[in-house]
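Participant: After the structure tokens below, expect a handful of questions from me.
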Amino acid sequence: MSAHQTHTVVAHKESFLRRYIFSQDHKIIGIQYYLTSLFMAVVGGILAMLIRLQLGWPGSSGIRPDAYLAFVTMHGTIMIFFFLTTILTGGFGNFLIPLQIGARDMAFPFLNMLSYWLFPPAIIVLLASFFVSGGAPNSGWTAYPPLSALKEAAPGSGLGQTLWLISLAILIVAFLFGSLNYITTVLTLRTRGMSMMRLPLTIWALFITAILSLLAFPVLLAAAVMLLFDRIAGTSFFLPAGLVVGGKLIPSAGGSPLLWQHLFWFLGHPEVYVLILPPMGFVSDILSTFSRKPIFGYKVMVASISAIGFLSFIVWGHHMFVSGMNPWLGTAFMATTLVIAVPSAIKTFNWLATLYKARITISTPMLFALGFVSLFVTGGLTGIFLGSPTIDIQLHDTYFVVAHFHFVMASAALFGVFAGTYYWFPKMFGRMMSERLGRWHFWLTFLGIYATFFPMHYLGIAGMMRRIYSPLLYPHLQPLQPLNVFISVAAFVLGVSQLIFAFNFFWSLFRGEKAPVNPWRANTLEWTAPSPPPHGNWGETLPTVHRWPYDYSVPDAREDYIPQTVPVAVPGARREV
Amino acid sequence: MDSLETSKGRIHSTGKAFAVVLWILVAAAVLGTIGASRRWWLPPLASTQGADVDRLFYLTLAITSLVFVLVQILLGVFVYRFIATKEERAASWHEHRGLEVSWTLITAVVLTILISMGGLVWAKLHQPPPAGALVVEVTAEQFGWRIRYPGPDEKFGRTAPQLISATNPLGIDPADPAGQDDVVTLNDLRLVENHPVRILIRSKDVIHSFFLPNFRIKQDAVPGMAVEVWFTPRVAGDYPIACAELCGVGHYIMRGQVKVVSQEEFERWLQGKRE
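As they're listed, the protein sequences go chains A and B. Quick note on numbering: this note's numbering labels position 407 of the first sequence as 407, and the sequence is numbered without any gaps. Quick note on numbering: this note's numbering labels position 148 of the second sequence as 148, and the sequence is numbered without any gaps.
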């Protein structure tokens, strides 16, 4: 720790390569993660458009069934692992953790660089699967064996699936390096006065997220290696005896397909909280800043984040109610699942209470934060249907599930990314983003998401299954086609609207108004460093923290915000923490 | 910050627009759902047990809809009401024990009620089937459903994967007398009206999911396992069998048919199949 704290900003002359490519600076690594993830979002987004093209006009899209399944698989894999996870923890986590806790860098800068540099190889291996014989995997992002284990079972279950597993294994190692770094940094490198209970909720969320990643991802890594062995070394971890695929008897014995599901979802459920906790943290801080009011119930928020983190490890079975697992186990998972709804509800009520008697200023980050709350409520409530095994019988593996997780996890997390981008862009690049374009982007995205995903609930209730190439072969699904066309059109509007964001991002990067040090008049430490912060973040001395980050609208104070670095004894400031 | 201060009018109007848009969305969601319930909704119910599932669905729908409407409207109200118009400060109020305890308790109580009701129905659905139920075996394969009836001896013949061939798709052992009278169909499941049925679900190759939307039945077909579901078909007619678990390129064509018929018609059909 001390080695780091003493290594200050002596004019840091480094080559371009060391400075921007193989950088060990957490801010550069964060921006590298951010931009690479954004590239993957474009790939995942284009795949989503192709999926909607097929479902809107199943007869005339020109997409083959195996290509369609490859798109579905890669869309899910990319959006979850290669975009949302990486941008939230690798991008924002890297950029924000040292800046918000008052550290000069991460605890292990070299490991941090290594973590980023595992990401591009993982992407190359993943995308290579599109170009090998058989194409990208067909088995969905969940890759259930035997479909994913036997090359006879689907065209994409050939080399494409092997590459998918290798790519995931590389990426998981990157996540583990990152998580170790984030945990150690938060625990050991907090500046003077920054007690745990003075951390902004963004840091609490990123910290608990890192713990979840560190504990959950190794399980998927083990499962991926086992599946790889089943595929190439003749083992039978997930393959029972007596499989006959395409008339051919498979020489496997003794494995269990359900074992994969347990291992996969043991990661898979914490993973959805890896995607939603950081946005919850961003949104808490953004709501508070633009409400000019302290976040409501800070301690309860910390407790809720921790409770969600813990409970997320014991709910995985709700993905398996109809998998053939013992029904009594279903009852147990139902109970834990509905228990996790309590801290989630508390957080929502706290956000609402933060707005009550606030003095709200609206800017693009605030719009996206408010949109997040709306989307999270909508998606959270449909989780109550799916958490009940009885109702899940009917809705499992239908579009109701697709609607649910696109609201609560995908769209809400995406809104966290956008809110965070508009909010921290000035600090990252020293320029403001255009508010006018930001508002256009917000309206089209917010309405586009509701128009795309809300009607999917009806598809699911009416029984349309997930991952089908065409619903038209089922007479009872044919009447749904107008709804599918509507959803596709809405999805295209949603997709095209993202060009506004892309334009705003790159235009503002070069032409945006120069950002002041603290454009939002916020309290957290990153707003005391220059925009953008230099190597080492602060000059000679690190900031000292005297208060919690939520001293907004303190009665009798001169300004309606008091940064964390302002000593409590300053006249006019009230003792708060 | 100057840029924010000068655009105060815009802040004001954007904030109010957000609230109004949110309210319109709530109205659209409610009206859309009412509209959808007339044409894009739960498939007509055809089993006795499904009534409990539907009841729980509607109860959950009522509760979640109420919370959805209240919370979204309140979000809009707060933004509309507390948008910065005057120079006065926000409240610095950020804790309220009574409020926090009440919303935690109310959420916990409502969820506990839903959990308990869900648990009771789930347990009821998994009670042992009544004696005398019709027994059928369904074996999933890429991409169809092999349906087997045990015949008059009420016993399924032994099967072995080594014996599977084009003419013997289930690999029934010809040496086992119990298998002699077994009837096997493809994608054609006949059930008897008001007569409970036990269905043994298996798979030959990958995971499939046996989905009968009208009977509120869904059960994964997992290779290496035999899972049983049971229910009582209540209304005669034709219904779909769908595959609900991604099983390969033909996942979308893996359709079968359930025909619920009278006892006599069923016997006649089975007899005809044996000959």
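Backbone N, C-alpha and C define an ideal beta-carbon position, used for all residues, glycine too.
Determine whether the Cβ of Ala3 (chain A) lies closer than 8 Å to any Cβ atom of chain B.
Facilitator: Residue mapping note: residue 3 (chain A) aligns to position 3 of the first sequence, counting from 1. Because the pLDDT of Ala3 (chain A) is 42, which lies under 50, any placement of that residue in the model is unreliable, and the number read from its coordinates should be weighed accordingly. Ala3 (chain A) does not count as touching chain B.
Participant: Once the 5 residues before and after Ser3 (chain B) are set aside, which same chain residues still bring their CB inside 8 Å of it?
Facilitator: Here the question's residue 3 (chain B) lines up with position 3 in the second sequence. With a pLDDT of 48 at Ser3 (chain B), under the threshold of 50, the modelled position of that residue is not reliable, and the figure given next carries that caveat. Taken in chain order, the list of residues that qualify is empty.
Participant: State yes or no: is the beta carbon of Pro196 (chain B) nearer than 8 Å to at least one beta carbon in chain A?
Facilitator: The sequence position of residue 196 (chain B) within the second sequence is 196, counting from 1. By this cut-off, Pro196 (chain B) is not an interface position.
Participant: Rounded to the nearest angstrom, what separates Val496 (chain A) and Val69 (chain B) at their Cα positions?
Facilitator: Position 496 of the first sequence, counted from the first residue, corresponds to residue 496 (chain A). Position 69 of the second sequence, counted from the first residue, corresponds to residue 69 (chain B). In a straight line, the C-alpha of Val496 (chain A) is about 30 Å away from that of Val69 (chain B).
Participant: According to DSSP, is Ile250 (chain A) helix, strand or coil?
Facilitator: Start at 1 with the first residue of the first sequence, and residue 250 (chain A) comes out as number 250. It is coil, neither helix nor strand.
Participant: Using a Cβ-Cβ distance under 8 Å, would Pro233 (chain B) count as near chain A?
Facilitator: Reading the second sequence from its first residue, position 233 is the one you call residue 233 (chain B). Output row for Pro233 (chain B): interface = no.
Participant: I need the DSSP call for Gln180 (chain B), collapsed to helix, strand or coil.
Facilitator: Within the second sequence, numbered from 1, the residue matching residue 180 (chain B) stands at position 180. Three-state DSSP puts Gln180 (chain B) in coil, outside helix and strand.
Participant: For chain B, check one thing: does any of its Cβ atoms lie closer than 8 Å to the Cβ of Asn523 (chain A)?
Facilitator: Working through the first sequence from its first residue, we reach residue 523 (chain A) at position 523. It does not: the Cβ of Asn523 (chain A) has no partner Cβ on chain B nearer than 8 Å.
Participant: In its own chain, which residues sit with a C-beta less than 6 Å from the C-beta of Pro549 (chain A), not counting the 5 before and 5 after it?
Facilitator: Residue numbering aside, residue 549 (chain A) sits at position 549 when the first sequence is read from its first letter. Contacts found: Pro200, Asn523, Thr524, Gln564.
Participant: Would you say the stretch 187-206 of chain A touches the stretch 277-292 of chain A, given that touching needs at least three Cβ pairs under 8 Å?
Facilitator: Counting Cβ pairs under 8 Å, three or more are found: they touch.
Participant: Just curious, the alpha helix (DSSP H) that Thr445 (chain A) is in, first and last residue?
Facilitator: To locate residue 445 (chain A), count along the first sequence from 1; it is residue 445. Here the alpha helix (DSSP H) through Thr445 (chain A) covers 435-461.
Participant: Spell out a yes or no on whether the stretch 364-384 of chain A and the stretch 336-343 of chain A are touching, meaning 3 or more CB-CB pairs, one atom from each, closer than 8 Å.
Facilitator: yes
Participant: For Ala303 (chain A), I'd like the list of residues in its chain whose CB is within less than 8 Å of its CB, leaving aside the five on either flank, ordered along the chain.
Facilitator: Here residue 303 (chain A) refers to the residue found at position 303 of the first sequence. The residues are Pro343.
Participant: Under three-state DSSP, which class holds Ile308 (chain A)?
Facilitator: Translated into the one-based positions of the first sequence, residue 308 (chain A) becomes position 308. Ile308 (chain A) falls in the helix class under three-state DSSP.
Participant: List the residues that DSSP assigns as beta-bridge partners of Ile182 (chain A).
Facilitator: Position 182 of the first sequence, counted from the start, is the residue given in the question as residue 182 (chain A). Strictly speaking, residue 182 (chain A) in this sequence is Tyr, with Ile absent from that position. Answer is none; Tyr182 (chain A) lacks a bridge partner.
Participant: Taking the beta strand (DSSP E) that Asp285 (chain A) falls in, what are its first and last residues?
Facilitator: Within the first sequence, the letter at position 285 stands for residue 285 (chain A). Careful: Asp285 (chain A) lies outside any beta strand (DSSP E), inside the alpha helix (DSSP H) at 257-291.
Participant: With the cut-off set at 8 Å, would you say Arg274 (chain B) and Gly151 (chain B) are in Cβ contact?
Facilitator: As a first step, residue 274 (chain B) is located in the second sequence; it is residue number 274 there, counting from the start. As a first step, residue 151 (chain B) is located in the second sequence; it is residue number 151 there, counting from the start. Yes, the pair counts as a contact, with Cβ atoms nearer than the cut-off.
Participant: By DSSP, does Ala19 (chain B) sit in helix, in strand, or in coil?
Facilitator: Along the second sequence, one-based indexing puts residue 19 (chain B) at 19. Ala19 (chain B): helix per DSSP, three-state reduction.
Participant: In terms of alpha-carbon separation, which member of A:Ser553, A:Asn181, A:Gly254, A:Leu163 lies closest to Pro121 (chain A)?
Facilitator: Mapped onto the first sequence, residue 121 (chain A) falls at position 121. Closest option to Pro121 (chain A), judged by alpha-carbon separation, among A:Ser553, A:Asn181, A:Gly254, A:Leu163: A:Leu163.
Participant: Is it a yes or a no for the stretch 119-134 of chain B touching the stretch 319-334 of chain A, going by three-plus beta-carbon pairs under 8 Å?
Facilitator: Output reads yes: the stretch 319-334 of chain A touches the stretch 119-134 of chain B.
Participant: Specify, as a first and last residue, the run of the alpha helix (DSSP H) that Thr421 (chain A) falls within.
Facilitator: Locating residue 421 (chain A) in the first sequence gives position 421, where the first residue counts as 1. Residues 412-429.
Participant: Counting only Cβ pairs nearer than 8 Å, list the residues of chain B close to Pro347 (chain A).
Facilitator: Numbered from 1 along the first sequence, position 347 holds the residue referred to as residue 347 (chain A). Just to set this straight, residue 347 (chain A) is Lys in the shown sequence, not Pro. By Cβ distance, chain B contributes nothing, its closest Cβ being about 11 Å from Lys347 (chain A), past 8 Å.
Participant: DSSP three-state call for His208 (chain B): helix, strand or coil?
Facilitator: Position 208 of the second sequence holds residue 208 (chain B). Strand at His208 (chain B).
Participant: Using a Cβ distance threshold of 8 Å, determine whether the stretch 76-84 of chain A contacts the stretch 38-48 of chain A, with at least three qualifying pairs required.
Facilitator: yes
Participant: Buried or exposed for Asn214 (chain B), going by 16 or more other Cβ atoms inside 10 Å?
Facilitator: Working through the second sequence from its first residue, we reach residue 214 (chain B) at position 214. Under this definition Asn214 (chain B) is a buried residue.
Participant: To the nearest angstrom, report how far apart Gly309 (chain A) and Val235 (chain B) are at their CA atoms.
Facilitator: Locating residue 309 (chain A) in the first sequence gives position 309, where the first residue counts as 1. Locating residue 235 (chain B) in the second sequence gives position 235, where the first residue counts as 1. C-alpha separation (whole angstroms): 47 Å.
Participant: Which stretch, first to last residue, makes up the beta strand (DSSP E) that contains Gly140 (chain A)?
Facilitator: Position 140 of the first sequence holds residue 140 (chain A). Gly140 (chain A) -> no beta strand (DSSP E), and no H or E assigned at all.
Participant: How is Tyr474 (chain A) classed by DSSP in three states: helix, strand or coil?
Facilitator: In the first sequence, residue 474 (chain A) corresponds to position 474, counting from 1. Reduced to three states, the DSSP call for Tyr474 (chain A) is coil.
Participant: Is there a Cβ from chain A that is less than 8 Å from the Cβ of Arg89 (chain B)?
Facilitator: As a position in the second sequence, residue 89 (chain B) is number 89, starting the count at 1. Cβ-Cβ to chain A under 8 Å: yes for Arg89 (chain B).
Participant: To the nearest angstrom, how far is the alpha carbon of Glu14 (chain A) from that of His26 (chain A)?
Facilitator: Position 14 of the first sequence, counting from 1, holds the residue named residue 14 (chain A). Position 26 of the first sequence, counting from 1, holds the residue named residue 26 (chain A). The alpha-carbon atoms of Glu14 (chain A) and His26 (chain A) are separated by roughly 15 Å.
Participant: Do Trp23 (chain B) and Gly98 (chain B) come within 8 Å of each other at the CB atom, strictly closer than that value?
Facilitator: The residue labelled residue 98 (chain B) in the question sits at position 98 within the second sequence. The residue labelled residue 23 (chain B) in the question sits at position 23 within the second sequence. No; because the gap between Cβ atoms is not below 8 Å, this pair is not in contact.
Participant: Does DSSP put Ser508 (chain A) in a helix, in a strand, or in coil?
Facilitator: Along the first sequence, one-based indexing puts residue 508 (chain A) at 508. Secondary structure at Ser508 (chain A): helix, using DSSP grouped into helix, strand and coil.
Participant: Report the neighbours of Pro218 (chain A) on chain B: residues whose CB is nearer than 7 Å to its CB, in chain order.
Facilitator: Looking up residue 218 (chain A) in the first sequence gives position 218. Among the residues of chain B, none has a CB under 7 Å from the CB of Pro218 (chain A); the nearest is roughly 25 Å distant.
Participant: Which residue or residues does DSSP assign as beta-bridge partners of Ser203 (chain B)?
Facilitator: As a first step, residue 203 (chain B) is located in the second sequence; it is residue number 203 there, counting from the start. According to DSSP, which records beta bridges pairwise, Ser203 (chain B) is partnered with B:Ala140.
Participant: For Ala341 (chain A), return the contacting residues in chain B, with the cut-off set at a CB-CB distance below 8 Å.
Facilitator: Numbered from its first residue, the first sequence carries residue 341 (chain A) at position 341. Per Cβ cutoff of 8 Å: Thr107, Leu111.
Participant: For the alpha helix (DSSP H) containing Gln72 (chain B), list its first residue and its last residue.
Facilitator: Taking the first residue of the second sequence as 1, we reach residue 72 (chain B) at position 72. Segment 50-81, the alpha helix (DSSP H) holding Gln72 (chain B).
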